[in-house]
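According to this note's numbering, the residues represented by the sequence shown are 1073 to 1617, in order.
We put the CB at the ideal spot given by N, CA and C, even for glycine.
Note that this is a predicted model, so its numbers are computed, not measured.
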Amino acid sequence: MKRFLMTIVALMAAAQIYPCTNLLVSKGASKDGSVMVSYAADSHTRYGTLVHMPRGKHLSGERIEVREWGKERFLGYIPQVPYTYNVIGNMNEHQVLIGESTWGGLPQLMDTTAVLDYGSLIYITLQRAKTAREAIEIFTTLADEYGYASSGESISFADPNEVWFMDIIARMPKYSNGKNFNKGAVWVAVRIPDGFISAHANCARITTFPKNDPQNCLYSKDVVSHARENGLYSGSDEDFSFADVYCPLDFSAMRACEARVWSFFRRHGAEDMDKYLDHVRGDNPKNRLPLYVKVKEKLSVKDVADMMRDHYEGTEFDMTKGIAAGGHEIPYRWRPSNFEIDGKKGVHERAIATQQTGFWFVGQCRGWLPNHIGGLFWFAVDDAGTSPLSPFYACSSEISTHYALGNGSMIEYSPTSMFWLQNRIAQFAYLRYNQIGAEVRERVDAHELAMIDEVAKADKQALEAKSVSVAEEILTKFSVEQANALFAKWKALDEYLLVKFIDGNIKRQNPDGSFKNNGHCKTIPPAPVYGGYSDTYKRAVVNDK
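The following block contains the structure:
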């Protein structure tokens, strides 16, 4: 039988990802009863596009060519299954949703001969799983069979009823004649209780866990014994902490990673989070954050999206404050984050929203709707702080070309790519964030609120369709048309911002938004508003010696 190859391609440019953030919202913690997971795929070299893998039937003997996600490094082949599901982004047609964040962990736990990296595992699993639990089983079984080619990861798994948090790392390799005879991974997965929220941001977070509660906790059978056998742990089973053994905390893990989780819990959790300040400042590794907290008030999809735009506003870490924010209160810090000058060391904060985001999403698993309507994938490219989400239904058979793989790359500009258009706007906003960035954010909010209303209309139209296939056609058309319309709207915004904010000035406008003229000529403006600098910056200039 002829062999057919299906390639799991590197959908973004090469990078080893260490700065991603996931927010997890259980069914009982959301306003509409949806399960939600958000994810920012952050990297300085990742190009933002939207994944589309059509459902399909496959012949016996068909194989998948596996290339490391984000690097394109060839890893090997694995057999294909007879049938695969439709995948849009990180969600499939059964409303299974997966996100991740990398934490590295112990460097000796890395299998250099393994075939499946975390990215390939995510997308292969999405093509095969009908529930979050089944996704966990498929993900870990494949890793054990073919080897786990990544370092430590936290993985989010969700479906319309449950959301799970998993920490995973490769087993200690045992090589002989170029082969590893100790393949696979050790892991723990915990179900987030209903009415609770969780998060992970590049740090293992599962500490001790129940060993006899399969409804709420799953784990590899050797997760404790493997640590003992390799001299990583010598205590009791009850005291075993996955995070402390496989990913010991350091200053960066607390200050740059756990602080992002703390910010989410502080804003939306019912628990007082000030008691963990010494931990997130990087001073007290023993005062760990809880894995999850009860929600203070139930969250909407817009609440979750806006949390992904967090820069620690209103906290002691607020990145819009201080001289580091410059003269225009920019909540971003260019890398490297750690530096030394004149014999003194400094550190910049790392918030949830960051400039080097390839793509990000908020996925909604809506169990009160049939699967072909319920899976809603809100998707955007580039920095969450300046990028608008567009709704894509997970049943879609097409995607907008503005988000498609092959339309530009990180080293190839494309005038029809949403990633490059969004970056044009973001780069301009970074110059004068409290002026240009504020206007962009107003446009983002207005767009997303309008889209929530449009989604409700599309849901209704699909529910009234004569068949599932007709409903899928309706929702595919909706997803593509809304994405295309957003590109056109954002292209006009790019041009408008340049005209309004050119040369450090702000053009005067009429109540309807049109630009004023000088009263003598329609093409000559009056004297502009001079935006100037923040008071903090001006004081620093005056006091500079």
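For Q1499 and V1614, what's the separation of their Cα atoms in angstroms?
The count along the sequence shown starts at 1 and reaches residue 1499 at position 427. The count along the sequence shown starts at 1 and reaches residue 1614 at position 542. Cα-Cα distance, rounded: 28 Å.
Scan the stretch 1229 to 1312 and note each continuous beta strand (DSSP E) run of 3 residues or more that stays entirely inside, going in chain order.
1235 to 1242, 1257 to 1263, 1268 to 1272, 1289 to 1291
Comparing C-alpha positions only, which one of I1160, S1372, S1222, W1334 sits nearest to M1108?
Here residue 1108 corresponds to residue number 36 of the sequence shown, with the count starting at 1. Considering only alpha carbons, the answer is S1372.
Which listed residue (M1244, A1242, I1227) has its alpha carbon closest to that of W1236
As a working note, residue 1236 is residue 164 in the sequence shown. For the residues M1244, A1242, I1227, the minimum Cα distance to W1236 belongs to I1227.
Helix, strand or coil: how does DSSP classify Y1605 here?
Working through the sequence shown from its first residue, we reach residue 1605 at position 533. It is coil, neither helix nor strand.
Assuming contact is defined by CB atoms lying nearer than 8 Å, are G1603 and I1574 in contact in what I supplied?
The residue you call residue 1603 lines up with position 531 of the sequence shown. The residue you call residue 1574 lines up with position 502 of the sequence shown. For G1603 and I1574, no; Cβs fall outside 8 Å.
Length at least 3, wholly inside the stretch 1413 to 1465: the beta strand (DSSP E) runs in chain order:
1416 to 1419, 1429 to 1437, 1447 to 1453, 1462 to 1465
Taking the beta carbon of L1535 as the centre, do at least 16 other beta carbons fall within 10 Å, making it buried, or is it exposed?
Taking the first residue of the sequence shown as position 1, residue 1535 is located at position 463. The residue in question, L1535, is exposed, as its Cβ has fewer than 16 Cβ neighbours within 10 Å.
Excluding five sequence neighbours on each side, which residues of the same chain lie with their C-beta closer than 7 Å to the C-beta of K1074?
Position 2 of the sequence shown holds residue 1074. Because the pLDDT of K1074 is 32, which lies under 50, any placement of that residue in the model is unreliable, and the number read from its coordinates should be weighed accordingly. Closer than 7 Å at Cβ, skipping near neighbours: no residue.
Using the C-alpha atoms, what's the distance from A1331 back to S1324?
As a first step, residue 1324 is located in the sequence shown; it is residue number 252 there, counting from the start. As a first step, residue 1331 is located in the sequence shown; it is residue number 259 there, counting from the start. The alpha-carbon atoms of S1324 and A1331 are separated by roughly 10 Å.
Where do the ends of the beta strand (DSSP E) carrying A1113 lie?
Walking along the sequence shown from the start, residue 1113 turns up at place 41. Looking at the DSSP string, the run of the beta strand (DSSP E) that includes A1113 is 1107 to 1114.
On the criterion of 16 or more Cβ atoms from any shown chain inside 10 Å, does P1487 qualify as buried, or is it exposed?
The sequence position of residue 1487 within the sequence shown is 415, counting from 1. Answer is exposed; the Cβ neighbour count stays below 16.
Let me check understanding here. Comparing Cα to Cα, which of K1617, E1144, Y1291, M1238 lies closest to I1170?
Locating residue 1170 in the sequence shown gives position 98, counting from the first residue. The shortest Cα separation from I1170 among K1617, E1144, Y1291, M1238 belongs to M1238.
Grab me the residues of M1152's own chain with a C-beta within less than 7 Å of its C-beta, minus the 5 sequence neighbours each way, in chain order.
The residue you call residue 1152 lines up with position 80 of the sequence shown. According to the sequence as given, residue 1152 is Gln; it is not Met. Only M1078, H1130, E1134, R1135, I1136 meet the Cβ criterion.
What's the gap between the Cα of R1145 and the Cα of T1280?
The residue you call residue 1145 lines up with position 73 of the sequence shown. The residue you call residue 1280 lines up with position 208 of the sequence shown. Straight-line Cα distance between these residues: approximately 36 Å.
Alpha carbon to alpha carbon, how far is Q1088 from L1181?
Along the sequence shown, read from residue 1 onward, the residue named residue 1088 stands at position 16. Along the sequence shown, read from residue 1 onward, the residue named residue 1181 stands at position 109. With a pLDDT of 38 at Q1088, under the threshold of 50, the modelled position of this residue cannot be trusted; read the value that follows with caution. Rounded to the nearest angstrom, the two C-alpha atoms are 16 Å apart.
Could you tell me the distance, in whole angstroms, from the CA atom of V1097 to the CA atom of P1362?
Along the sequence shown, read from residue 1 onward, the residue named residue 1097 stands at position 25. Along the sequence shown, read from residue 1 onward, the residue named residue 1362 stands at position 290. Approximately 15 Å between the Cα atoms of the pair.
Mind the definition here: the stretch 1253 to 1266 touches the stretch 1330 to 1346 only if three or more C-beta pairs lie below 8 Å; say whether that holds.
no
For G1478, the nearest candidate out of F1491, A1466, S1469 (CA to CA):
Against the sequence shown, residue 1478 aligns to sequence position 406. Checking every option, the nearest Cα to that of G1478 belongs to F1491.
Kindly list the residues whose CB is nearer than 7 Å to the CB of D1382, restricted to its own chain and excluding five residues on each side of it in sequence; keep chain order.
Position 310 of the sequence shown holds residue 1382. Around D1382: S1335, A1423, I1424, A1425.
Work out the CA separation of E1511 and A1599 for me, nearest whole Å.
In the sequence shown, counting from the first residue as 1, residue 1599 sits at position 527. In the sequence shown, counting from the first residue as 1, residue 1511 sits at position 439. For A1599 and E1511, the distance between alpha carbons rounds to 21 Å.
Quick one: measure Cβ to Cβ for L1448 and Y1475, integer angstroms, because I've assumed they're closer than 8 Å.
Counted from its first residue, the sequence shown places residue 1448 at position 376. Counted from its first residue, the sequence shown places residue 1475 at position 403. With 8 Å as the limit, L1448 and Y1475 do not qualify as a contact, their Cβ atoms being about 16 Å apart.
Compute the Euclidean distance between the alpha carbons of S1222 and L1178, then round it to the nearest angstrom.
Here residue 1222 is taken as the residue at index 150 of the sequence shown, counted from 1. Here residue 1178 is taken as the residue at index 106 of the sequence shown, counted from 1. Taking the straight line joining both Cα atoms gives about 12 Å.
Per DSSP, cross-strand counterpart(s) of R1139
One-based indexing of the sequence shown puts residue 1139 at position 67. According to DSSP, R1139 bridges with F1146.
Determine the direct distance from the alpha carbon of E1421 to that of A1328, and round the result to whole angstroms.
The residue labelled residue 1328 in the question sits at position 256 within the sequence shown. The residue labelled residue 1421 in the question sits at position 349 within the sequence shown. Whole-angstrom Cα-Cα distance: 6 Å.
Near G1446, what residues of its chain come up, given a Cβ to Cβ distance below 7 Å and the 5 sequence neighbours on each side ignored?
The residue given as residue 1446 occupies position 374 in the sequence shown. Q1167, P1232, C1437, R1438, G1439.
When the Cα of V1540 is compared with those of R1205, I1160, A1377, C1467, which residue comes out closest?
Your numbering for residue 1540 matches position 468 in the sequence shown. V1540 has its Cα closest to that of C1467, out of R1205, I1160, A1377, C1467.
May I have a chain-ordered list of the beta strand (DSSP E) segments no shorter than 3 residues that lie completely inside the stretch 1317 to 1394?
1364 to 1366
Given a threshold of 16 other Cβ atoms within 10 Å of its Cβ, counted over all protein chains shown, does G1457 qualify as buried or as exposed?
As a position in the sequence shown, residue 1457 is number 385, starting the count at 1. It is buried - the Cβ of G1457 has at least 16 other Cβ atoms within 10 Å.
From the DSSP output, read off the bridge partner residues of E1225.
Translated into the one-based positions of the sequence shown, residue 1225 becomes position 153. For E1225, which the question treats as bridged, DSSP gives the partners T1174, I1240.
Identify every run of the alpha helix (DSSP H) within the stretch 1470 to 1516, keeping only runs that are complete inside it and at least 4 residues long; order them along the chain.
1490 to 1503
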